[in-house]
Amino acid sequence: MRRSRRASTLAALWLATPFALAQTYTSAPATPVPSVPAKPAANWTPLAVPPAPNLPNLGDTSREDLSPAMERKIGEEIMRGIRGDRDYLDDAPLLEYLNTFGNALVAARPSVRGETNYDYFFFAVRDPQLNAFALPGGFIGVHSALVLAAQTEAELASVLSHEIGHVAQRHIARMLGQQRQDALMPLAAMLLAALASRAGGDVALGVFAAGQGLAIQRQLNFGRDAEREADRIGFQIMGEAGFDTTGMVAFFGRMQAASRSYSDLMPAYLQTHPLTTERIADIQARIREQPYKQRPDSLSFHLARARARVLQDESVQGLLNAKAVFKTQLEQQSRFQVVAAHYGLSFVAVKQGKPADAQKELDAANAALHQPAGPNVFTSGGTQAPNSLLAAMGLEVLLMPAQKKEVAQQALKAADAARQQFPLSRGIAHQYAEALMAAGKLEQATLYLRDQVQLYKEEPELYDLLAKSYADQGKMTLQHMALAESYVLQGATMAALDQLTIARKSTDATFYDQAVIDARERELQEKRREQIKDQKG
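At position 77 of the sequence shown (counting the first as 1) the number is 57 in the working numbering, and the numbers step up by one without a gap.
Right under this line is the structure:
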């Protein structure tokens, strides 16, 4: 049975429009993703998957290009749909690593933020094919398989830097300005395919392929020029960020070798990023002009790859396969490889609901990190700084539903220490709220979360946690009001209005609550009218 392709289709459609040869974004069937949050209260309302996004009107054909503000708006609309897809890896530690790493590359060359000072967002989707993609407005995604295929952090940097180059050079907007009429054909096909994707199967890809075939030849030359341009920008970003630029050639070379193995079935990365000998030669020539740099891979890189391996396939067999890979990895002589293997085994045990095994492997990971290296053993020596991914895993183990009740106080103490040590970690901030609720400190959790939603207004997860805290206290009206705000942030305006209707009918709704609900309903109804107006153009 084929999985929903909404995230894959939307990403593929945007990629193919400006600079791809024939994007298909195919993938293997995926398995259901089990969840491991704490067991909700009986009156807890589960969060539904948001509907497919309503893409904004692009304006008439006389417009020469997309403004940066419009690019961002389109990117945000597409991301709402991608976040609602089950293959979007909404995993806090993995997102934290990708965004810390990706934004370090952006910081090395601040001009890539453009005139509107884009905030870049990096994310991963579950897919067995090697690919990465840039959406309008600074949203950059990578397939889980590509994270695993990157053998060094420099190789991953080469891919992300290349995609940053596409965004920085505004290739989508430039293509629309250069080939207005040609561009409208795949854009129209994209809109049809976004609707068709809700039916599942290959319908959306067929609709899109038919539309794109009319314009592909005239876009081909621009696509190759865009790839070369993104290579050069990416090369500069890598150098300025202190990475070994040979990682770009190493990754390109492996992709080229893979294309020979695939025969007629070209890897997705090469379909969306046409690779030529000229491109490789150009980068090699630039490398010869640069001094050699060697930057050791970070521990977080190895931990993120271990996490991606588990998340890529969470079926029973998939977890067994990941466990076998980690067992083999324990034989490596690299300290970080061994630490990551134990970390991966701990994560597998979490997914299997085995807290004792998870804690045992996590303890082994921490022990291996601080154990002195033996003779003739490669290691990234020296005292290792505290690592947020390891800390988050420790909390994940302590907060497992299968843990004994007395562990809740230990989890709260550890979560409080972790949030003090890693104040910028949003995942650990969420885990602290979960620990407060697990320890029965519901009022404290509510106060903390209310402060958090004021500071971080774009995180629907905070409203989900706040709703759960209210539900555990039997505050039905406030629970549904919080859920409404979560839906708003996910672009599901109608679902938010439904939650407000439920909140109004709750028996504990006060006069003040009713007034707040009425005011918020008016705001959302106006927003809904604007959305309908945008759709009609």
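For each residue, glycine too, the CB sits at the ideal point set by N, CA and C.
All figures in this text were calculated on a predicted structure; none of them were measured in a lab.
Host alpha helix (DSSP H) of G407 (start-end) | G407: member of the alpha helix (DSSP H) spanning 406 to 418, first to last residue.
Option in F223, L69, N367 with minimal Cα separation from Q274 | When each option's Cα is compared against that of Q274, the closest is F223.
For S141, count neighbouring Cβ atoms within 10 angstroms of its own Cβ and tell me buried if that reaches 16, exposed if not.
-> Buried: at least 16 other Cβ atoms inside 10 Å.
DSSP bridge partner residues for Y68 (one or two, in chain order) = In the DSSP assignment, Y68 is bridged to V105.
Three or more beta-carbon pairs under 8 Å between the segment 471 to 487 and the segment 495 to 502, yes or no?
-> Judged by Cβ distances under 8 Å, the segment 471 to 487 makes contact with the segment 495 to 502, as three or more pairs qualify.
Nearest to R266 by CA position, among A148, G219, L128, R93, is which residue?
-> Across the set A148, G219, L128, R93, the C-alpha of G219 shows the shortest separation from the C-alpha of R266.
Starting from V92 and walking both ways along the beta strand (DSSP E), at which residues does that stretch end?
-> Looking at the DSSP string, V92 is not in any beta strand (DSSP E), and its letter there is neither H nor E.
Does the beta-carbon of N512 have 16 or more other beta-carbons within 10 angstroms, so that it is buried, or is it exposed?
-> Per the sequence shown, the amino acid found at residue 512 is Ile instead of Asn. That one is exposed.
Would you identify the three-state DSSP class for L115, choosing helix, strand or coil?
-> DSSP places L115 within a strand segment (E or B) once states are collapsed to three.
Sort out for me which residues DSSP pairs I120 with in a bridge.
-> DSSP output for I120 lists F102, A114 as bridge partner(s).
Within this structure, are the beta carbons of G145 and I213 separated by less than 7 Å?
-> With respect to the 7 Å criterion, G145 and I213 are classified as neighbours on the basis of their beta carbons.
From this set, P440, D205, E423, which residue's C-alpha is nearest A451's C-alpha?
-> Relative to the Cα of A451, the nearest Cα in the group P440, D205, E423 belongs to E423.
Using the rule of at least 16 other Cβ atoms within 10 Å of the residue's Cβ for burial, across every protein chain shown, is F491 buried or exposed?
-> Exposed.
Residue from F119, E207, V229 whose Cα sits closest to the Cα of F101 = Nearest option by C-alpha distance: F119.
Where the alpha helix (DSSP H) through T426 begins and ends = In this chain, the alpha helix (DSSP H) harbouring T426 covers 422 to 435.
Please classify V122: is it buried, with 16 or more other beta-carbons within 10 angstroms of its beta-carbon, or exposed?
-> Label assigned to V122: buried.
Pull up the distance between the alpha-carbon of Q400 and that of V147, whole angstroms please.
-> If I take the Cα positions, the gap works out to 35 Å.
Nonlocal neighbours in the same chain, by C-beta distance under 6 Å from M59, ignoring five residues either side | Cβ neighbours of M59 within its own chain (closer than 6 Å, five residues either side excluded): F119.
Inter-residue spacing [alpha-carbon to alpha-carbon] between A464 and A472 = Each residue's alpha carbon lies about 9 Å from the other.
Would a C-beta distance cut-off of 7 Å place A329 and A321 closer than the cut-off?
-> In this structure, A321 does not lie closer than 7 Å to A329 by Cβ.
Return helix, strand or coil for F358, following the three-state DSSP convention.
-> Its pLDDT being 49, under 50, F358 is placed unreliably by the model, and the measurement read from it follows with that caveat. If DSSP states are grouped into helix, strand and coil, F358 belongs with coil.
Exposure of L136, with buried meaning 16 or more beta-carbon neighbours within 10 Å | With a threshold of 16 other beta carbon atoms within 10 Å, L136 meets it and is buried.
Span of the alpha helix (DSSP H), counted from its first residue to its last, around K307 = Looking at the DSSP string, the run of the alpha helix (DSSP H) that includes K307 is 296 to 309.
Sequence-distant residues of its chain with Cβ nearer than 7 Å to R289 (five each side left out) = Excluding positions up to five away in sequence, the list reads L128, A302, V305, G324.
Is it right to say L445 is buried, meaning 16 or more other beta carbons lie within 10 angstroms of its own, or is it exposed?
-> Using a 10 angstroms sphere on the CB of L445, the tally of other CB atoms reaches 16 or more, which defines it as buried.
In terms of alpha-carbon separation, which member of E57, A398, L110, L74 lies closest to G117?
-> The option with the nearest alpha carbon to G117 is E57.
Could you work out which residue in K307, S368, S405, L469 is closest to S278 when comparing CA atoms only?
-> S278 has its Cα closest to that of S368, out of K307, S368, S405, L469.
In three-state terms, what does DSSP make of A(-8)?
-> Below a pLDDT of 50, predicted positions are generally treated as unreliable, and A(-8), at 44, falls in that range; the measurement from the model is reported next regardless. Reduced to three states, the DSSP call for A(-8) is helix.
CA-to-CA distance, F232 to A210, given in whole angstroms = If you take the alpha carbons of A210 and F232, they lie about 14 Å apart.
The alpha helix (DSSP H) enclosing L378, as first and last residue numbers = Counting along the chain, the alpha helix (DSSP H) containing L378 begins and ends at 368 to 378.
Does DSSP put R275 in a helix, in a strand, or in coil?
-> Coil at R275, not helix or strand.
Alpha carbon to alpha carbon, what distance is there between L504 and L429?
-> Distance between the alpha carbons of L429 and L504 is about 23 Å.
In its own chain, which residues sit with a C-beta less than 6 Å from the C-beta of A415, not counting the 5 before and 5 after it?
-> If we look at A415 and ignore the five residues flanking it on each side, its Cβ neighbours are A391, L392, A395.
Of the residues S486, P403, K448, V433, which one's Cα is nearest the Cα of G420?
-> Nearest of S486, P403, K448, V433 to G420, Cα basis: K448.
How many angstroms separate the CA atom of A413 from the CA atom of L74?
-> Approximately 19 Å, taken between the alpha carbons.
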